[in-house]
Amino acid sequence: MRTVDVIQKKRDGLELTSDEIKWLIEGYVAGTVPDYQMAAFAMAVYFKGMSTREISDLTMTMVGTGQQIDLSAISGVKVDKHSTGGVGDKVTLVLVPLVASFGVPVAKMSGRGLGHTGGTLDKLESIKGFQIERSQEEFIEQVQNIGLSVIGQSDQLVKADKLLYALRDVTATVDTIPLIASSVMSKKIAAGADSILLDVTVGEGAFMKNLEDARALARTMVDLGKAVGRRTTAVITDMSQPLGTSIGNRLEILEALDILQGKGREDVTEFICELGQIMLGLANVEKTVKEVREHLFDGSALQKFEAMVVAQGGDLEDLYRSSSAKYVVEVTADEVGYISELPAMEFGLFAMRLGAGRAVKTDVLDFETGIVFEKKVGEPVKIGEIVAKIYANEKISQELVTEFKKNVKISNEPKKVREIIEVIA
Ligand code: URA
């Protein structure tokens with residue numbers, strides 16, 4: 000078999016055999032298929048797509064390029080959750096302890112942020128001492144003992160994805176359904192949970208810009224999960240504006256703590272409780288959203304979060320510390336009306352420039368910086384009212400404030416926002 004023939008076949012829109020896919024992916028991991036040929040293949044997939052059978056073969060071949068975690072030592076139905084990426088997305092920080100507070104074990108491997116999107120691991124690392132690197136034994140033992148753990152993905156898992164994702168990132172081939180679906184599902188399948196909740200984001204700040212594509216991605220991933228015996232449900236959620244009020248690592252931890260104490264914004268609280276209900280259902284625990292919410296108000300979810308922080312070496316005092324950013328700049332409205340748009344991508348990139356995100360993988364983060372919105376889409380605003388606060392460690396110029404304001408769109412009409420757009424099971 001020659002790599003060039005496989006690339007050409009895909010370039011011409013033909014269906015690859017299981018053997019061709021296996022040969023290509025295994026060759027890439029072994030180093031016999033070079034980056035430039037894999038990049039050409041990824042671009043061919045971007046333009047020509049893949050059949051359901053090809054995506055399934057690609058996913059399972061990728062799973063086979065690394066270790067698979069065996070969670071069978073943990074009793075009960077293990078549930079996992081994955082988001083296809085977003086801005087201000089602190090859902091995992093609340094949802095994992097919330098679900099664990101009902102006795103459902105959550106053993107979760109998370110990722111880091113890149114570009115305009117944030118990563119759960121970076122947020123957790125903003126807590127002094129928090130360890131995201133754990134051996135598999137420690138990870139499993141912690142879930143056995145306290146019911147939850149969030150750690151970094153092991154290097155030994157899905158080696159093909161590590162290589163391929165880095166390549167896609169620099170060859171404009173990330174945002175294509177076959178490659179996203181196989182990347183996400185290979186990791187979820189290898190991570191070993193029995194049930195999987197997929198949060199497929201849609202909108203300006205997400206990989207999927209429209210509902211039709213988000214639906215297709217969700218359907219593809221749900222079918223991949225079910226085909227290998229994992230109960231899988233996807234929710235399509237809005238990422239046209241940042242999620243909740245804050246963007247930035249320490250700031251998002253603080254917002255998560257507010258939500259965990261029942262003091263968060265109503266919309267994001269309700270949204271996470273709805274996800275909680277679905278995730279619990281995937282573990283055969285049927286609860287109403289109201290019952291799920293109770294665990295925010297009675298402290299049980301917070302207790303789980305704190306237990307996880309302590310178990311992973313985090314400092315509980317530091318957990319509740321405010322951001323130490325040197326400058327806090329208030330951005331006020333110049334018009335009266337309703338907030339009509341807060342483009343997630345623009346604000347994600349803005350936060351990245353403040354040091355809250357990485358432009359390239361090797362960038363060192365400033366955990367303290369970011370943005371806190373006081374107004375979200377659909378809310379009324381008066382001239383001079385604070386729309387957001389910018390947390391920075393470098394002085395913020397007037398030009399930067401003007402640039403920020405340009406992205407805060409105000410109109411005469413109120414606008415309705417729906418966090419969960421659709422559920423695909
Ligand atoms: N998240 C992933 O893990 N992989 C992708 O390809 C896109 C989002």
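Under numbering that gives the first Met the number 0, think of the first position of the sequence shown as 0, with each following residue one higher. All C-beta atoms in this analysis are idealised placements derived from N, C-alpha and C, irrespective of residue type, glycine included. Here the structure is a predicted model, which means the values were calculated and not measured.
Hey, would you say F372 sits closer than 7 Å to T200, going by beta carbons? Cβ atoms of F372 and T200: not closer than 7 Å.
Excluding the five sequence neighbours on either side, which residues of its own chain have a C-beta within less than 6 Å of the C-beta of T268, listed in chain order? I258
Pairwise C-alpha distance: K381 and H294: 36 Å
Cβ shell of K414 (< 7 Å), same chain only, five flanking positions each side left out: Y337, S339, V376, G377
Whose CA, out of R52, R10, A171, lies closest to the CA of D18? R52
Among the candidates R249, E384, G12, E316, whose CA atom is the shortest distance from the CA of S322? R249
Would you decide whether Y35 is buried or exposed? Buried here means 16 or more other CB atoms lie within 10 Å of its CB. exposed
Between L13 and I179, what straight-line distance do the alpha-carbon atoms span, to the nearest angstrom? 20 Å
Would you please state the rounded distance, in angstroms, between the beta carbons of K394 and L113? I believe it to be under 8 Å. Between L113 and K394 the Cβ distance is about 27 Å, and since that is not below 8 Å, they are no contact.
Which first and last residues belong to the beta strand (DSSP E) in which F372 is found? 369–372
Out of L97, I246, A72, which one is the CA nearest neighbour of K286? Ranking the options by Cα distance to K286, first place goes to L97.
Determine whether the beta carbon atoms of V327 and V386 lie at a separation below 7 Å. no
With distances taken between CB atoms, is the gap from A350 to G228 smaller than 7 Å? no
Looking only at its chain, what residues have a beta carbon closer than 6 Å to the beta carbon of V288, apart from the 5 residues adjacent to it on each side? Once the five neighbours on either side are set aside, the close Cβ partners of V288 are C272, E273, Q276.
Cβ-Cβ distance between G84 and T116 below 7 Å: yes
On a CA-only basis, which of G102, K80, L399 is nearest G110? Give me that one, please. When only C-alpha atoms are compared, the closest one is K80.
Using a threshold of 7 Å, state whether the C-beta atoms of Q143 and A310 are closer than that. no
For R352, does the three-state DSSP call read helix, strand or coil? helix
Straight-line CA distance for I315 to K122? The sequence given here places Leu at residue 315; Ile does not occur at that position. As the crow flies, the alpha-carbon of L315 is around 15 Å from that of K122.
Is T231 near I195, with beta carbons less than 7 Å apart? yes
Taking 6 Å as the cut-off, does the CB of G247 come closer than this to any heavy atom belonging to the ligand ADP? Inclusion of the ligand ADP in the displayed structure is not the case, the ligand content consisting of the ligand URA alone.
In the DSSP output, what is P379 paired with across the bridge? Y337
Where does M49 sit, in a helix, a strand or coil, going by DSSP? coil
State the beta-bridge partners of K107 as determined by DSSP. V149
Between the beta-carbon of I150 and the beta-carbon of R167, is there less than 7 Å? no
Whole beta strand (DSSP E) runs in the segment 187–216 with 3 or more residues, listed along the chain? Listed in chain order, the beta strand (DSSP E) runs fully inside the segment 187–216 are 194–201, counting runs of at least 3 residues.
Where A165 falls, given that 16 or more other Cβ within 10 Å makes a residue buried: A165 counts as exposed, since fewer than 16 other beta carbons sit within 10 angstroms of its beta carbon.
Could you check if V78 belongs to the surroundings of the ligand URA, using beta carbon to heavy atom distance under 6 Å? For the ligand URA, not one heavy atom lies less than 6 Å from the Cβ of V78.
S100 beta carbon less than 7 Å from that of A255: no
How is D314 classed by DSSP in three states: helix, strand or coil? coil
In chain order, what are the residue ranges of uninterrupted beta strand (DSSP E) at least 3 long that sit wholly in the segment 35–95? Secondary structure remark: continuous beta strand (DSSP E) runs of at least 3 residues inside the segment 35–95, in chain order: 78–82.
Quick one: give me the first and last residue of the beta strand (DSSP E) that I258 is part of. Counting along the chain, I258 falls outside any beta strand (DSSP E), though it belongs to the alpha helix (DSSP H) covering 248–259.
Cβ neighbour criterion (16 or more within 10 Å) applied to G426: Nothing can be reported for residue 426, as the shown portion of the chain is limited to 0 through 424.
Given V62, which residues of its chain have a CB within under 6 Å of its CB, disregarding the five upstream and five downstream residues? So the list reads S185, I188, A189, once near-sequence residues are dropped.
Going by CA-CA distance only, name the one from P104, V93, T60, D56 that's closest to V78. P104
For N406 versus T368, is the C-beta distance shorter than 7 Å? no
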